[in-house]
Amino acid sequence: MTFKKTVYMTMVIAVVLTVIIGAGCSGQKMGDGQNTTTTAGSTIQLQGSGATFPKPIYEKWASEYGKVNPTVKIDYQGNGSGAGQKAILAKTSDFGASDDPMSDDDLKTASGEILHIPTVLGAVVITYNLDGVKEPLKLSAQTISDIYLGNVKKWNDEKIKAENPDVTLPDADILPVYRADASGTSAVFTDFLSKTVPEWKQKVGMNKQPSWITGVGVGAKGNDGVMGQVKQTPNSIGYVELTFAKANNLPTAEIKNKAGKFVSASLDSVSAAAAGSVAAMPADLRTQITNADGDGAYPISSYTYILVYKDQTDAVKGKALVDFLWWATHDGEKFGKELHYAPLPADVVKKVEGKIASITNGGKPLRQ
Amino acid sequence: MMVENSMPTLSRFGIGFLAGMEWKPAQEEFGALPFIYGTVVSSLIAVLLAVPVSIGVAVFLVEQAPKSVARPIAFMVELLAAIPSVVYGLWGIFVLAPFIREYLGPFLQTSLGFLPLFQGRLTGIGMLTGGIILALMITPIVTAVVRDVLEAVPVTQREAALALGATKWETTTIVLGNAASGIAGSVVLGLGRAIGETMAVTMVIGNSPQISASLFEPANTIASLLAANFAEATDKLYLSALIEIGLVLFLVTFVVNALAKLLIMSVASGPDRAKHT
Amino acid sequence: MASTGTSLHNRRKLVNTIMASLTSVCALLVTLLLLLIIGYIAVRGISSLSIQFLIDTPKPVGEGGGIGNAIVGSVMMTLFASVIGLPVGIAAGVYLSEYGRNWYGNIGRFVADTLIGIPSIIVGIFIYTAVVLPMGRQSGLAGSLALAVIIIPIVARTTEEMIRLVPNSMREGALALGAPHWRVSWNIVLPAAASGIATGAMLAIARVTGETAPLLFTALNSRFYNYYLDQPMSSLTVQIFNYATGPFEVEHAMAWAATLVLVAAILVINIFVRTLTRKRY
C-alpha cells in the first residue's frame, strides 16, 4: 500500500466516522436535552460530581440503588468539593457534593435556591511516620499548630514530650505535609485549629486553601498525595481523611478534645461529635462540627453534603433525585460502616427529611 | 479572553505580581516569582539532563547500533512517552524520592556539598526530584524526534565524510550539525512538555512556593499550581490571579523557548558547522 | 611531522571510541530506566489483570470492577481527536515549511511553540468554558476537542521539521517537470516525509492517550458503557487517576493494571503505524 492510498483511505474513514458519530450525537440530543422533560418509564440518568471524600459510599449507593430501582442510573464522579460546587452553580450536574458548606457569596450567585443535604460523617486524622513508635501519639491543638507553624521543629521537643511522656521520640526534624490543593480536608483541619489556637487564627486562619508558612513542610495534592508522602518520608506528619487512614492501617494520633480528653478517631467518636452539636445546627444545615462538646467527641469531625436545587426543572429527574436522597439518608446509611463512614444522628435525619420534602418542581412538592 | 479575565489582579498588583514573593490566596496576596523560578529551574534541570542523553541515544540508534538492536530500543523509548503522568508521579514518590534521599542526595552532599545547590535537609521531595522526573518524561520525545531528524539526513553526507577519512564520530558531528534545526525543534517539544507538565511534578516537587538555592528544597511550578487549584477556585480575585499566572506561563514558555533556540543555534553554528556546510 | 600526524590520528581514534561508548551508555541507561518503570508497572498491575477486568465497568470498592467502558471511551475520544487534529496539524506543518518562510509563518511557528508549552490543564479549562458550559454538561465531544487542541501544535511542528529535511533537489526536480506547487507538496514532499510525520503523529497520540488533566473537566468520567459523544465519557487515564487516588489498596492495584493495559495498547498502535509507514521504503 502506498502512502498516498493510506492517506486517502484514512480520510474516507475519517469522514464516514464523523458523519456516523455526528448523527449519533444529534439523535441522542433530541431525546435527552438539558431542560426537556424526560419521559417517564425510560431509564433516568442522574449525574453527580464533587467531593472525593464520600466517593466510595456514593458509588456504593449508586450501585445498591440500581438494584432497588433499576430504572434510575446514578453516575457519581469524585473530582473535588470545589468542582462539585462549580458543577451545581453551572448546572453541569444534577447534584453536586461538597465536604465544605458553600459560602454565602457563592450561594448568592446561584440561579436558584441551593439546599445542603448532609449525608454521612467523616473525620480528619493526624498520621505520621515514626520508626519504632508503636503506641498512638497524643497531640493537642496547640502542639499541632506549633508543628505546622514551624515553632516546634524536632520530634523530641518538650511540647510533644509533655503530651507523650511514655514515648521515646527521636531527635529528628519534623517534616509537616499539607494539602497543596484547595480541599475540604484542609478546611476542617484549619477550622479546628483556628477555633482553638489564636496564633493559628491570626497567622494562617480557616480556609480550603490556607496560607501555609513558607519554608515549613511540603505540600501534596489530594489525600492520596499526603498519604504517599507520609508513608515514604521518615519523620513526617500529615493530615488525611479517616477512610484513608483506616483502609491503609496508618498510625493515627489521639487528639485532645474540648473536654480535655485525648480521643482517637472512630465511627463512635465521630458520631459523638455530631451528637454534641445537633442542637446548634442552623436551619440551612450548613455547619462545621469541629471542637464539639462531649467527653467522647473526636474534635476534627465533619459532615459531607449533597447540593441540590430546591426547585427542579425536570419533574421526572427531580422525582428520581428526591427518592434517591430519601433512600440514601435512610436505607443507605447501613452501607457506611464497612467503608468507615459514620451515619447521621437520628435528629439530623429528621431535619434532612424536612429538607428533602421541600424540594419542588414548578412549586409542586416531589416527595409524596 | 485571558487578559480580560486577569484584569482584576493586573490592575490591582500591576508589575508587582511578577516580582512578588508571597502567594497567600486567603489574604489576597499574590506574587508569582517563586512559581516562575520553580518552572524555569525545574525545566532547565530536565532539559540539561535529558537533551544530551537523548542525543546520545538517538546517535546510538541511528549511527551505531545494528537494526536488530536499534528497533526494540527505539520502540521502548517511545513507550516511555505513553506512560500517564500520574504513573510517573507514583513511581517518583515510591522509587525515585527514596533513592534520592538515601543514595543520590548524600552522595551529592559529600562530593559537591560545598555548592549551595546541594545543601540543606534531604527529604527526597523537591526541585531535583521534580527535574529528574521531568527529564525522564521528555527523554522519549526528544529522542524520537532527534532520531527521525538524523535518519532524514541523506546517507550521501555520511559517505562523503567517511570517504574523506573522517572517523565515525566526526561523521556524526557533521550529521548533527546539519540536523541542528531539527534538534532545536525537539528541544522545544521537550521543553514544552516539561513546562506544561502538571500531575507528576505536583506529586514530587513539594508544592511550596519558595525560592531556595538548594535543589533539595521543595518548590512549586506554575503548571502544578494551576492543576491543584483551578478546578476548585471559586473566589473572583483568586481566579483572576490564577488566570494571570497562566498568562505569565505563556511568557515564560516564550522566553525559555527563545533561550533554547539561541543555545542550539550557537552550538550548531560553531566552527564545526562552518567547516562542513 | 610524521609523529604529530600519528598522534593526531590516535587522538581522533580515541575520541571516536569514547564517544561511541558514551552513546551506548546513554542508550543502556535509558533502556534500563524504562525497564525499571515498565517492570514496576507490570509487577504491581499483573495481579489484577483478567478478562473480567477488561470488560467490566467500575464497581463500588470490594465488588471487583474493571475498565471496559474506559477502554471504549479512550478509543472513541482519541480516534475522534485524531480525526480532527491530525489533518489540521499536518496541513499546518506543510504550510509552515513549504510556504511559511515569512513573517506570518514565523507567527504561526511561535503560536505552535507556545501552544505546545501550555499545560494541558489550561486546554481543559478553555474547552470547559467554550464547549462544556454552553452545552450544559461534560461530554466525550468536549474531551475529544481538548485532545485535538493538544495534538495540533505537536503534529504541526514535527511535520514541519520533517518536511524541512526533504532535500530541495526533490522539489526542484518536480517543479522543473512542470508540477504545480501544491502537487509537489502533496505528492512528492509529503510522502517523502511520511515516516517522520508518522512519528510525530504517534508521539502526539501517545501523549494525549496519557493525558488526564484536560479530560477531568471536559469528558468527566462515567460508570457506564457510553457510545454517545454528547454524554460524559470515561477514559483510561481518568479512571487510572480515580483508582490511583482512592483510599483502598484494591483500587491502587487496579490503577496499575489499567496502566499496564494503556502502555500495551500504545505499544500495539506504535508497531502498527510503524509497519504501515515503513513498507514504502
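Chains as they are written, first to last, in our numbering: chain C, 17 to 384; chain V, 89 to 365; chain A, 7 to 287.
Heads up, the beta-carbon is just placed ideally off N, CA and C, and yes, glycines get one too.
| Check | Outcome |
| --- | --- |
| Under 8 Å from the C-beta of V:M225: neighbouring residues of chain C | Per Cβ cutoff of 8 Å: no residues; V:M225 is ~17 Å from chain C at best. |
| Status (buried if at least 16 other CB within 10 Å, exposed otherwise) for C:A196 | buried |
| Proximity test, Cβ basis, 8 Å: C:A106 and chain A | yes |
| Chain-ordered neighbours of V:M291 on chain C, where CB pairs are closer than 8 Å | A236, K237, G241 and G244 |
| Paired residues, beta bridge with C:I322 - DSSP | C:A113 and C:I133 |
| Beta-carbon proximity of C:V364 to C:Y314, cut-off 8 Å | no |
| For C:D91: DSSP bridge partner residues | C:Q63 |
| Cutoff 8 Å: A:D236 Cβ touching any chain V Cβ | no |
| Range of the contiguous alpha helix (DSSP H) that encloses C:Y194 | Run containing C:Y194: none in the alpha helix (DSSP H); it sits in the beta strand (DSSP E), L191 to R195. |
| Contiguous alpha helix (DSSP H) assignments of at least 4 residues, all confined to the segment 206 to 287 of chain C | 214 to 219, 238 to 248 and 258 to 263 |
| Beta-carbon proximity of C:N377 to C:D339, cut-off 8 Å | no |
| Interface flag, A:P186 vs chain C, CB-CB below 8 Å | no |
| Closest Cα partner of A:E255 within the set A:R170, A:V155, A:M176 and A:G68 | A:G68 |
| Min CB distance V:P306 to chain A below 8 Å | no |
| A:N232, buried or exposed, once every other Cβ within 10 Å from all chains shown has been counted against 16 | buried |
| Local Cβ density within 10 Å of A:Y105, reported as buried at 16 or more and exposed below that | exposed |
| Simplified DSSP state of C:W171, which is helix, strand or coil | coil |
| Endpoints, alpha helix (DSSP H) assigned at A:Y231 | Careful: A:Y231 lies outside any alpha helix (DSSP H) and carries neither H nor E. |
| Chain-order list of residues whose beta-carbon lies under 6 Å from that of A:A250 (same chain, five-residue window excluded) | A261 |
| Proximal residues, the segment 311 to 334 of chain C versus chain V, C-beta separation under 9 Å | none |
| Cβ neighbours of C:T125 in the same chain (closer than 8 Å, five flanking residues each side left out) | L105 |
| Listed by chain order, chain C residues near A:R229 by CB distance under 9 Å | E75, A78, S79, K89, I90, D91, Y92 and Q93 |
| Beta-carbon contacts of C:L323 that lie in its chain and below 8 Å, excluding the five residues immediately before and after | G66, G100, Q101, I104, F111, G112, A113, S114, M118, I130, L131, H132 and I133 |
| Contacts of C:F260 in chain A (Cβ-Cβ under 7 Å) | P253 |
| DSSP-derived helix/strand/coil call for C:T184 | coil |
| Unbroken alpha helix (DSSP H) run spanning V:L224, endpoints | M215 to A240 |
| Burial state of A:A118, where buried means 16 or more other Cβ atoms lie within 10 Å | buried |
| Proximal chain V residues relative to A:F223, where beta-carbon distance stays under 8 Å | A319 |
| Whole-angstrom distance between A:G71 and V:V233, CA atom to CA atom | 39 Å |
| Neighbourhood of C:G200 by C-beta distance below 7 Å, restricted to the same chain and skipping five residues each side | A67, F69, S97, S114, D115, D116 and K224 |
| Residues of the segment 242 to 271 of chain A whose Cβ lies closer than 7 Å to any Cβ of chain V, in chain order | T243, I246, F247, A250, T265, L268 and V269 |
| Burial state of C:S287 (16 or more Cβ within 10 Å) | buried |
| C-beta atoms of A:G149 and A:S241 nearer than 8 Å | yes |
| Status (buried if at least 16 other CB within 10 Å, exposed otherwise) for V:A107 | exposed |
| Cβ distance (whole Å) where V:S296 is taken to contact C:T230 below 8 Å | 7 Å |
| Partners in chain A for C:A126, counting only beta-carbon separations shorter than 8 Å | Correct list: empty, because the minimum Cβ distance to chain A is about 15 Å. |
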